[in-house]
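Student: First residue of the sequence shown: 3, per our numbering; consecutive thereafter. C-beta: ideal position from N, C-alpha, C; glycine also. Here the structure is a predicted model, which means the values were calculated and not measured.
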Amino acid sequence: MSMQTKKPMLKETVGAQYYAFNKPDASGNFDLTSYEDTIKTEVVKKIGTTENGDPVNVRASGKDYANFHQLSSTDLAVEVVAFPSDDLAKMRGETVNTNGLVSSGGTKERPYFAYGKVVKLVGGKIRMEWFPKCQLVENTDDIETSSDSFSEQNDTVTIRAYAFNDNGDVKNYVDSSRTDFPEGLTEDKFFAKPIVSADDLDKIISPGA
Numbered sequence: 003m004s005m006q007t008k009k010p011m012l013k014e015t016v017g018a019q020y021y022a023f024n025k026p027d028a029s030g031n032f033d034l035t036s037y038e039d040t041i042k043t044e045v046v047k048k049i050g051t052t053e054n055g056d057p058v059n060v061r062a063s064g065k066d067y068a069n070f071h072q073l074s075s076t077d078l079a080v081e082v083v084a085f086p087s088d089d090l091a092k093m094r095g096e097t098v099n100t101n102g103l104v105s106s107g108g109t110k111e112r113p114y115f116a117y118g119k120v121v122k123l124v125g126g127k128i129r130m131e132w133f134p135k136c137q138l139v140e141n142t143d144d145i146e147t148s149s150d151s152f153s154e155q156n157d158t159v160t161i162r163a164y165a166f167n168d169n170g171d172v173k174n175y176v177d178s179s180r181t182d183f184p185e186g187l188t189e190d191k192f193f194a195k196p197i198v199s200a201d202d203l204d205k206i207i208s209p210g211a
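#1: With 16 as the cutoff for other CB atoms within 10 Å, does residue 162 come out buried or exposed?
#2: What would DSSP say about residue 189, mapped onto helix, strand or coil?
#3: Rounded to a whole number of angstroms, what is the C-alpha to C-alpha distance between residue 201 and residue 125?
#4: By alpha-carbon positions, which one of 68, 54 and 53 ends up nearest to residue 60?
#5: Return the CA-CA distance between residue 52 and residue 181, expressed in angstroms with no decimal places.
#6: Taking only the alpha-carbon atoms, compute the straight-line gap between residue 145 and residue 120 and give it to the nearest angstrom.
#7: Excluding sequence positions up to five away, which residues of its chain have a Cβ less than 7 Å from the Cβ of residue 47?
#8: Could you pull the start and end residues of the alpha helix (DSSP H) that residue 130 belongs to?
#9: By Cβ distance, which residues of its chain are closer than 6 Å to residue 96, with the 5 residues on each side in sequence left out?
#10: With distance defined between alpha-carbon atoms, name the residue in 86, 139 and 127 nearest to residue 110.
#11: Keeping to the same chain, check which residues put their C-beta closer than 6 Å to that of residue 74; ignore five residues upstream and five downstream.
#12: What is the C-beta distance between residue 164 and residue 135, in whole angstroms, given that I count them as a contact (C-beta under 8 Å)?
#13: Take the Cβ of residue 131 as the centre, count every other Cβ of all protein chains shown within 10 Å, and call the residue buried at 16 or more, exposed below.
#14: Note the first and the last residue of the continuous beta strand (DSSP E) segment covering residue 123.
#15: Roughly how far, in whole angstroms, is the beta-carbon of residue 117 from the beta-carbon of residue 90, given that I think they are within contact range, below 8 Å?
#16: Can you tell me whether residue 62 is buried or exposed, with buried defined as 16 or more other CB within 10 angstroms of its CB?
#17: If you drop the 5 nearest sequence neighbours on each side, which residues of the same chain put their C-beta closer than 8 Å to that of residue 175?
#18: With a 10 Å radius around its C-beta and 16 neighbouring C-beta atoms as the bar for buried, classify residue 167 as buried or exposed.
#19: Give the DSSP-derived three-state secondary structure of residue 206 in the structure shown.
#20: Taking 8 Å as the threshold (C-beta atoms), are residue 193 and residue 115 in contact?
#21: Would you say residue 39 and residue 33 are within 8 Å of each other, going by their C-beta atoms?
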């Protein structure tokens, strides 16, 4: 048996973020087939990712029969230099009155949205990820006095991504450092709308097929 030596690509920087609000069905429930237009912002400083799940060990006849890992959700802590105020209010489920007054607090139903992130790798490679079913969990809104020199006053939005299909999948992604990366796929094409299935990607890389 021969030995292979692999040299994986290093991460270089975080890229833009993308999101698209979900359009609920007639009953007001999450609809995997319908989203609003995708929004792109280049405001991300850092993204921390935490997977929420537990290993499941199935025992039978006095021994381990199978082992699974059940992932329930993924938390994304996104540090940003700014965030569109109207979209943040929408993610928070706030009431926006016709005269511009925004009412916040109380019991609010927060909408679902798809969230996309970009990880740029050295050598011009890129990893692009869609989380099709997300909700805003919390956000910071800290402010401090200005000084003689400008200093960034960043905030963090925490987004929770849930399983969006019967397989329990939380995200779909492609990585251009892989040998099976689709030829001709660009960032703009991948994030034009949320990718919720392999069929969605096929429509992008083989239009009209």
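Tutor: According to the structure data:
#1: Burial call: buried.
#2: Here DSSP, grouped into helix, strand and coil, assigns residue 189 to helix.
#3: So the two alpha carbons sit approximately 29 Å from each other.
#4: Of all alpha-carbon atoms in 68, 54 and 53, the one lying nearest the alpha-carbon of residue 60 is that of 68.
#5: CA-to-CA, the gap between residue 52 and residue 181 works out to about 27 Å.
#6: Roughly 28 Å separates the two Cα atoms.
#7: Cβ within range, chain order: 81, 82, 83 and 156.
#8: Taken as a continuous stretch (DSSP letters only), residue 130 belongs to no alpha helix (DSSP H), being part of the beta strand (DSSP E) at 128 to 141.
#9: Taken in chain order, the residues that qualify are 104 and 106.
#10: Of the residues 86, 139 and 127, the one whose Cα lies closest to the Cα of residue 110 is 139.
#11: The answer, listed in chain order, is 54 and 55.
#12: At roughly 5 Å, the Cβ-Cβ gap stays under 8 Å, so residue 164 and residue 135 are in contact.
#13: That one is buried.
#14: Here the beta strand (DSSP E) through residue 123 covers 115 to 123.
#15: With a Cβ gap of about 13 Å, residue 117 and residue 90 do not count as contacting.
#16: Residue 62 is exposed by the Cβ-count criterion.
#17: Closer than 8 Å at the Cβ level, and outside the excluded window around residue 175, lie 129, 130, 131 and 132.
#18: Burial call: exposed.
#19: Residue state, collapsed to three classes: helix.
#20: No. Outside cutoff.
#21: In this structure, residue 39 lies away from residue 33, with their beta-carbon atoms at least 8 Å apart.
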